[in-house]
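Below is one structure, written out as structure tokens; comments come after it.
There are 4 protein chains.
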Amino acid sequence: MIVITSNHTPEEQLQDIIAVIEKEGLQAHVSRGADRTVIGLIGSVNPQLAAHLRQMKGVENVVKISKSYKLASRDFHPDDTVIDIRGVKIGGGNLVIMGGPCAVESPEQIDEIARLVKASGAQVLRGGAFKPRTGPYSFQGVGVEGLTMMQEAGRRHGLLTITEVMTPEYVDICAEHADILQVGTRNMQNFDLLRKLGTCGRPVLLKRGFSATYDELLNAAEYILAGGNKDVMLCERGVRTFETYTRNTLDLAAIPALQSLSHLPVISDPSHGTGRRELVEPMSKASVAAGADGLIIEMHTDPDNSMTGDGVQSLFPDQFHNLVQDLGRLAPLVGRQMSPQARDAVTI
Amino acid sequence: MIVITSNHTPEEQLQDIIAVIEKEGLQAHVSRGADRTVIGLIGSVNPQLAAHLRQMKGVENVVKISKSYKLASRDFHPDDTVIDIRGVKIGGGNLVIMGGPCAVESPEQIDEIARLVKASGAQVLRGGAFKPRTGPYSFQGVGVEGLTMMQEAGRRHGLLTITEVMTPEYVDICAEHADILQVGTRNMQNFDLLRKLGTCGRPVLLKRGFSATYDELLNAAEYILAGGNKDVMLCERGVRTFETYTRNTLDLAAIPALQSLSHLPVISDPSHGTGRRELVEPMSKASVAAGADGLIIEMHTDPDNSMTGDGVQSLFPDQFHNLVQDLGRLAPLVGRQMSPQARDAVTI
Amino acid sequence: MIVITSNHTPEEQLQDIIAVIEKEGLQAHVSRGADRTVIGLIGSVNPQLAAHLRQMKGVENVVKISKSYKLASRDFHPDDTVIDIRGVKIGGGNLVIMGGPCAVESPEQIDEIARLVKASGAQVLRGGAFKPRTGPYSFQGVGVEGLTMMQEAGRRHGLLTITEVMTPEYVDICAEHADILQVGTRNMQNFDLLRKLGTCGRPVLLKRGFSATYDELLNAAEYILAGGNKDVMLCERGVRTFETYTRNTLDLAAIPALQSLSHLPVISDPSHGTGRRELVEPMSKASVAAGADGLIIEMHTDPDNSMTGDGVQSLFPDQFHNLVQDLGRLAPLVGRQMSPQARDAVTI
Amino acid sequence: MIVITSNHTPEEQLQDIIAVIEKEGLQAHVSRGADRTVIGLIGSVNPQLAAHLRQMKGVENVVKISKSYKLASRDFHPDDTVIDIRGVKIGGGNLVIMGGPCAVESPEQIDEIARLVKASGAQVLRGGAFKPRTGPYSFQGVGVEGLTMMQEAGRRHGLLTITEVMTPEYVDICAEHADILQVGTRNMQNFDLLRKLGTCGRPVLLKRGFSATYDELLNAAEYILAGGNKDVMLCERGVRTFETYTRNTLDLAAIPALQSLSHLPVISDPSHGTGRRELVEPMSKASVAAGADGLIIEMHTDPDNSMTGDGVQSLFPDQFHNLVQDLGRLAPLVGRQMSPQARDAVTI
């Protein structure tokens, strides 16, 4: 950490600052300049000290030079994390495709979609049993029964399953029924939920908050990792900007940037990231070209009648099928290979 | 709702669109123009129909003309909501001041601050027992004990109390100990929490998410109101922009805008809204001039040593005291009067 | 400037970095830590050196600790700039009100509005002869004739005048006809225009770009100041956010923040800052309470028929009149007094 | 255009609204609902009428249903615009690569870079003679001489050239020396410059303003097209968000979105779009995968010593060379082919 003093800070104030630093058992390296003096702190600095210093007379700024997350950082874990779920590998040069409807609606719906997802070559079935909705009067998902419907569809067709969990009390039941638990954009900083997921025994896909920075996303991942769960995927799903033509602005630079800052796999969500069906295909390809470790894509057999009204961003089955083929051809050009399918049909 | 068709939509597609509308038992009012045709839907329209229509061939856009929230809307409740908590009135021309530390740290700390808050003329003591923190290694609050410390300090000094609740399972215990429950910016769309607050029996202060729109904030309020709890305050606390000099950009136009869209009281938080102590005073005055129904301001007896490191935005006690006096003088010029203090010292 | 090296940078790379610094005749103060080494540069650092260092092996970050503007900075000019135009004082505790239509439309229109502006107690008549418009088919202003119409109206009613200039070649003619030249939000970084204004001999009101930072605004002001023109006002007019209910998000914290960073007067524009007539009054009061040195407000005798279509944010004459009275009462509570009117009726 | 009235607007106000519409010679199609009435306007509506209506009593909202640009719209020009400059084709399935330094520094520098650009297989040499800089004390480019240096380098190596023009008075001289003129992000709404470019006789690359919407970009293009210049390219170069790790957030969904809204070619600028050298490669590939018609990439033989300090985002020559090869392999997978090189070495 570095303390930058104001223009012409009096010596007395400098000594006060140094005293505070040394009281914490740290060394203060002082560089005196014509206008300003700069003090480098060497050692492990707690955040309160930074805050304290920032408020002292004579201090203009305090600059943090270490990251606040450790377990998520590539500095501390240089090799890619590779998550292996019954033979499906996520991270480390593999490309995984997750597809399915926004919401589980009925056993027939999810079974038919699972069949199509499997046939396309994708590895994971997505589907929401609990849906976070902006307003209280919208369809909120079919609930716990949806978990069973999806589990059975996944099992029958040999697919892994992923579903969103919205509150700590439902973590256990979701973990019983699904292979991967997903944290939605609105819950990226629901810290009680993150803590609970740290001990849930299932891989977690953590979506970036819609106006969160990379640093905040990695700190949120740190909550899960710190609980002992090493299998975390980061998910870029678009940030909010002033552009309203797209639902969000998919920030694809986040893919290589997060891969450089962290060893965790990075998944892209072009469906929520654009909110428009016709943009899902080009942005899926762009995500793979940018180096994504996987994609999570909405597909529905009857998007015009989907219960959440999110059908506008869902692909039709044949679009999804063709896209997965195209992505398989694209992947080798950027050093990726399609992840193998699940080893057996027994989900969980 | 209005359906706008594409340029030169063929008659056949128009008829398909009209058929879908009428199948739902709604009337379709068709206006044919030179280039485009516009279809007005009269009646109560469910969101799935909108989504369905948006995806039909020949449809360029579907425009919603009713709001998705009702209980929060001034259309349905023209008079100001006035919340009365033991004589302290919030809304309806009253100005309420809430002050206190970011976090409760010890019985002595919160008691001394409560004394100063009361002496300034403010009505409510704020303080966090549970703290939402970006990283898992930061101070997370003193927990349940903090609730008791604050309750006793409030009771002793005749102040109402407000504290943040972060997860559904803590709602009951917070409601036992505090007069007002606060939902933080990161939890504005924690829908399980909102639902639980709908039946908690305490007034709720709901902070705007740091990149939420007015519409989303009002929909979040609707979750609480729909549960039966009528005592909701909206809180503007700054939105995220590209400016980094301030911690957030305090959107004061939200105050009159939300008061026009809704009957709920609107509180301003200049401490988190700016993140800089020296800006709290001018932005507090500006909030009152913009018509705020109240302010929530951080004050600390020793901000340089606050445990959360948020001291950088906390006022010193004398600054807080003088500010409350100034606000009392400013209020009458914009048709506000300082709310009376609590009728008695018995909190809860 | 400070150079922060990577984790465990090899000694050889450190020596390379130090050599580059010393080659420029600067001193390198090295603080070696357990993980990282920090190098402070003392002396006047050119931006190319910073860029060069940032790219060297072993460098993680380079932190600028001095501002890139000087003439605009309060560090170099501690006292408030007070601009005096024929007795109207802007800055230094005075409050100046500028009012008038978005666009000059006819001699009668601008004369009648000037009469009303004067009667309200305001000091400056605003009006555009050249209008920047998003699309090429919108009304683009009446052009040079508008300058004469406004000059005569100002002269007749004893008001100063302000008008927007959009391109370097029109600076001279605008300077002949108006007392203050305005740079619009889209031209804040039109550097050729700024340079020309540095020698135009008229005070300049510089609007913040709609997504510019404080730092960029102050650097843009520096272009004008560096040309020799000391009479620059900064204008906050709202920034673009994801909120669409308001046209822009008026960032009132910019007022005290810019006044702290700079000695230049800060004017608020609640008309463009909100884009909604009913929000202009509360945001004008809030601007004054936040410490604004002045306001620029749209007023029109027939806003529903204004030629630019901006009437939706223009006040009616009686609203403007009452608002100016209210602001006059509010100003003393925040240490401001209404600026005197122009000494005589001879504009220019 | 559609007028949406307020809840329970009285019949009298409705009649007033209808009268205003019919006075303009337009038909008003009235759809009366339980709560609200909706009025469709058929015919060509001028923007002032919209503004007028929006302000009338009883009107809640006015919704525009036609776009304000025409020449730029695919509705009016369904086929892709293909710009052909001496055999180099831009648009219509061709991929064009523009490479070179941020700024022209010397004849030797630009000649050596031109040689490398040509050898890589790229078609266009970029380089700035005039540089827009945030602060007045930064290097501002070598000026007119730079134009000649670049023209000669392009001619010698058989490359087209592109350079930025910042002010109307320099359009003619830039058009004499360069094949393509570029409008920078800060000048996207410098309307006098755009008008002048409408008659300059050279193709124009128009960069998106760093917080402009697609609609605003297309309206800016409309200014150039309306002047008679049909050869306009749109350029996505990143928008400003709250993320500070990258210089901007490159919005790749803009590529297919703009191609759907418009027939103009869309070029991506991953150098300014990320501001970090290591992200240029993945984002170049992602741009091509998203369907870009071309790329403009910074390359420098000695980026650590570039005069603008933008070297941090410039590729080294071998990185650039390899990238162009990789892009050539990627293009066919998304239906693009590398554009042929210029037919002869005679630039202009």
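Protein chains in written order, with full-length UniProt numbering: chain P, 1 to 348; chain L, 1 to 348; chain A, 1 to 348; chain H, 1 to 348.
Every residue gets a Cβ at the ideal spot worked out from N, C-alpha and C, and that includes glycine.
Quick caveat: nothing in here was measured; it's all calculated off a predicted structure.
How far does the beta strand (DSSP E) with residue i in it reach, from first residue to last?
i: A/Val-88; result: 88-90
i: L/Cys-235; result: 232-236
i: H/Asp-269; result: First-last for H/Asp-269: undefined, no H or E at that position.
i: A/Asp-84; result: 83-85
Please identify the residue among the options whose C-alpha is closest to the C-alpha of residue i.
i: H/Leu-147; options: H/Gln-123, H/Ile-110, H/Arg-133; result: H/Ile-110
i: L/Pro-136; options: P/Leu-264, P/Leu-194, P/Asn-229; result: P/Leu-194
i: P/Glu-222; options: P/Thr-37, P/Gln-55, P/Phe-76, P/Gln-319; result: P/Phe-76
i: H/Val-232; options: H/Thr-185, H/Asp-326, H/Gly-91; result: H/Gly-91
i: P/Ala-19; options: P/Gly-141, P/Val-204, P/Leu-41; result: P/Leu-41
i: A/Pro-132; options: A/Asp-179, A/Leu-159, A/Met-188; result: A/Met-188
i: L/Gly-25; options: L/Tyr-170, L/Lys-67, L/Arg-156, L/Leu-49; result: L/Leu-49
i: H/Gln-325; options: H/Glu-298, H/Met-307, H/Asp-304, H/Glu-281; result: H/Glu-281
i: H/Asp-318; options: H/Glu-60, H/Glu-11, H/Ser-31, H/Ile-113; result: H/Ile-113
i: A/Ile-267; options: A/Thr-249, A/Ser-287, A/Leu-279; result: A/Ser-287
i: A/Arg-156; options: A/Leu-279, A/Asn-248, A/Glu-108, A/Phe-139; result: A/Glu-108
i: P/Gln-259; options: P/Pro-78, P/Leu-327, P/Thr-161; result: P/Pro-78
i: A/Ile-2; options: A/Ala-28, A/Ala-119, A/Leu-217, A/Lys-230; result: A/Ala-28
i: H/Ile-296; options: H/Ser-306, H/Leu-71, H/Leu-234, H/Thr-249; result: H/Leu-234
i: H/Ala-119; options: H/Asn-322, H/Gln-337, H/Arg-329; result: H/Asn-322
i: L/Phe-139; options: L/Lys-67, L/Met-307, L/Gly-335, L/Gly-227; result: L/Met-307
If the cut is a Cβ gap below 8 angstroms, which residues of chain L does residue i touch?
i: A/Met-283; result: Leu-252, Ala-253, Pro-256, Ala-290
i: A/Glu-278; result: Pro-256, Ser-260
Could you list which residues in chain L have their beta carbon closer than 9 angstroms to that of residue i, in chain order?
i: H/Val-59; result: Under the 9 angstroms cutoff, chain L gives no residues; its nearest Cβ is about 12 angstroms from H/Val-59.
i: H/Val-124; result: Going along chain L, no residue has its Cβ under 9 angstroms from H/Val-124, so there is no contact; the nearest lies around 31 angstroms.
i: H/His-29; result: His-29, Val-30, Ser-31, Arg-32, Gly-33, Val-38, Gly-40
Assuming the contact rule is C-beta atoms closer than 8 angstroms, residue i and residue j should be a hit. Round their C-beta distance to whole Å, please.
i: P/Gly-99; j: P/Ala-129; result: Rounded, the Cβ-Cβ distance is 17 angstroms, inconsistent with contact.
i: H/Phe-242; j: P/Thr-213; result: 7 angstroms
i: H/Arg-277; j: H/Leu-315; result: 6 angstroms
i: P/Pro-256; j: P/Ala-290; result: 6 angstroms
i: P/Leu-125; j: P/Leu-159; result: 4 angstroms
i: H/Arg-240; j: H/Phe-191; result: Going by Cβ atoms, the distance from H/Arg-240 to H/Phe-191 rounds to 21 angstroms, so no, they are not a contact pair.
i: L/Leu-95; j: L/Gly-294; result: 6 angstroms
Note down, in chain order, every chain P residue with its Cβ under 8 angstroms from the Cβ of residue i.
i: H/Thr-249; result: Val-239, Thr-241, Thr-249, Asp-251, Ala-253
With which residues is residue i paired in a DSSP beta bridge?
i: H/Glu-298; result: H/Gly-100
i: H/Ser-262; result: H/Ser-73
i: L/Met-283; result: Bridge partners of L/Met-283: none, in fact.
i: L/Val-3; result: L/Ile-39, L/Val-62
i: H/Ser-31; result: H/Val-38
i: L/Arg-126; result: L/Ile-162
i: L/Gln-182; result: L/Glu-164, L/Leu-205
Flag residue i as yes when its Cβ comes closer than 7 angstroms to any non-hydrogen atom of the ligand GTP, and as no otherwise.
i: H/Ile-4; result: Inclusion of the ligand GTP in the displayed structure is not the case, the ligand content being empty and no account of it being possible.
Strictly below 7 angstroms CB to CB, what residues from chain H border residue i?
i: A/Gln-319; result: Simply none; closest approach about 13 angstroms.
In chain P, what lies closer than 7 angstroms to residue i by C-beta?
i: L/Thr-167; result: Pro-168, Asp-192
Going along chain A, which residues have a C-beta under 8 angstroms from residue i?
i: H/Met-56; result: Asp-304
What first and last residue would you give for the alpha helix (DSSP H) that runs through residue i?
i: H/Ala-153; result: 144-157
i: P/Leu-205; result: Here P/Leu-205 belongs to no alpha helix (DSSP H); instead the beta strand (DSSP E) covers 204-207.
i: A/Gly-328; result: 317-330
Closer than 9 angstroms by beta-carbon distance: list the chain A residues that pair up with residue i, in chain order.
i: P/Thr-244; result: Phe-242, Thr-244
Show which residues of chain L have a CB atom less than 7 angstroms away from the CB atom of residue i.
i: P/Val-171; result: Going along chain L, no residue has its Cβ under 7 angstroms from P/Val-171, so there is no contact; the nearest lies around 12 angstroms.
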